[in-house]
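Asker:
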Ligand SMILES: [Zn+2]
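In the numbering used here, the protein residues as written are 1090 to 1406.
1) May I ask you to report which of helix, strand or coil DSSP gives residue 1168?
2) Note down the Cα distance separating residue 1103 from residue 1119, rounded to an integer number of angstroms.
3) If you measure between the beta carbons of residue 1175 and residue 1395, is that distance less than 8 Å?
4) Name the one or two DSSP bridge partners that residue 1372 has.
5) At the level of alpha carbons, what is the spacing between residue 1155 and residue 1405?
6) On the three-state DSSP scale, how would you describe residue 1113?
7) Between the stretch 1241-1255 and the stretch 1273-1282, do three or more beta carbon pairs fall short of 8 Å?
8) Tell me whether residue 1322 sits in a helix, a strand or coil according to DSSP, three-state version.
9) Just tell me which of 1384, 1213, 1161 and 1150 has its CA closest to the CA of residue 1139.
10) Measure the C-alpha to C-alpha separation of residue 1148 and residue 1184 and round it to an integer number of angstroms.
11) Which of the three DSSP states is assigned to residue 1217 in this structure?
12) With a threshold of 7 Å, establish whether the CB of residue 1185 neighbours any heavy atom of ligand 1.
13) Taking only runs that begin and end inside the stretch 1190-1216, name each unbroken alpha helix (DSSP H) of 4 or more residues, in chain order.
14) Considering only heavy atoms of ligand 1, does any lie closer than 7 Å to the CB of residue 1256?
15) Check whether the Cβ of residue 1169 lies closer than 7 Å to any heavy atom of ligand 1, and answer yes or no.
16) List the whole-angstrom C-beta distance separating residue 1372 from residue 1321, where the pair is believed to meet the contact cut-off of C-beta under 8 Å.
17) Does DSSP put residue 1090 in a helix, a strand or coil?
18) If you run the structure through DSSP and keep just helix, strand and coil, what is residue 1158?
19) Is residue 1208 close to ligand 1? I mean its beta-carbon at under 7 Å from any heavy atom of the ligand.
20) Thinking C-beta only, is residue 1169 closer than 8 Å to residue 1381?
21) Which residue wins for smallest C-alpha separation from residue 1352, given the options 1379, 1272, 1313 and 1316?
22) Measuring alpha carbon to alpha carbon, tell me which of 1397, 1316 and 1370 ends up nearest residue 1341.
23) Using a Cβ-Cβ cutoff of less than 6 Å, which residues in the same chain neighbour residue 1347 once the five nearest sequence positions on both sides are dropped?
24) Determine whether the beta carbon atoms of residue 1196 and residue 1142 lie at a separation below 8 Å.
25) On the CB-based measure, 16 or more other CB atoms within 10 Å of its CB, does residue 1265 come out buried or exposed?
26) Terminal residues of the continuous alpha helix (DSSP H) containing residue 1294?
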């Protein structure tokens, strides 16, 4: 490896340590901090959660041409807030490099900023992550939440605040999954795996699909989950240009293996919907290994596995 390349691959030592699980308060104060430190980033809201929380979206870059932007989405599931940490780390490293005029993983960040847009939703399921970390507290939906959860311990909570599993709420195999759902004994809102009354019934999912339908610039979607060290490529029955080569590349960069989701995981997810409805490449990456929620102490290692992919995808599409 050349000296130049070595320098590019070195991790930014100035990144702010993330030491706590990432609930809504932590997420918003971190983004507030970024917006003050880096005036060139754009922070908007892609929508609003069931409990009325704004779902933030960060946009890095000013290049905005057809199918040349990427979208990264974290934390569909309450126990998977470590994926929010990965994306926050990425935003900070990108911004530091952009300011300093540096390259990262052989990608010149000032040039990337000029030529491409990266949209990042660090935490789609803001209510679910907050519930998993802090419990129902004095929420206006407290009684219903405790009843759906079957108790006060929310440590296994994955759904949104209506008890809907967001990654089963997309219009991609929704009704096939419904048939399976009843065999699992799932009749309504609960901690995990309930798909909702109809596709896109949940505001978090409806906001995201609406953004994607009207964003012709987005050429690829990467959605981060935990855990398993695997990559899924969406609905394989449809043809999506460049999917195979991109999947192989992401697998090589992360060291995660390409796999096909099995059982209940095979229906109604974001990557299935993006490939089926929009015919654009979309990958689900199961980051890290262990039992959810992965400890925040795993964050640096997992980010180390993911960062080259996050920096490279925008120039690969
Ligand atoms: Zn997940």
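Ideal Cβ positions, reconstructed from N, Cα and C, are used throughout, including at glycine.
Answerer: Concretely, from the data shown:
1) helix
2) 15 Å
3) yes
4) 1311
5) 14 Å
6) helix
7) yes
8) coil
9) 1213
10) 11 Å
11) helix
12) no
13) 1198-1204
14) yes
15) yes
16) 7 Å
17) Confidence at residue 1090 is low in this model, with a pLDDT of 47, below 50, so its placement is unreliable and the value that follows should be read with caution. In the structure shown, residue 1090 sits in coil (DSSP, three-state: anything other than H, G, I, E or B).
18) strand
19) no
20) yes
21) 1272
22) 1397
23) 1320, 1336 and 1340
24) no
25) exposed
26) 1292-1302
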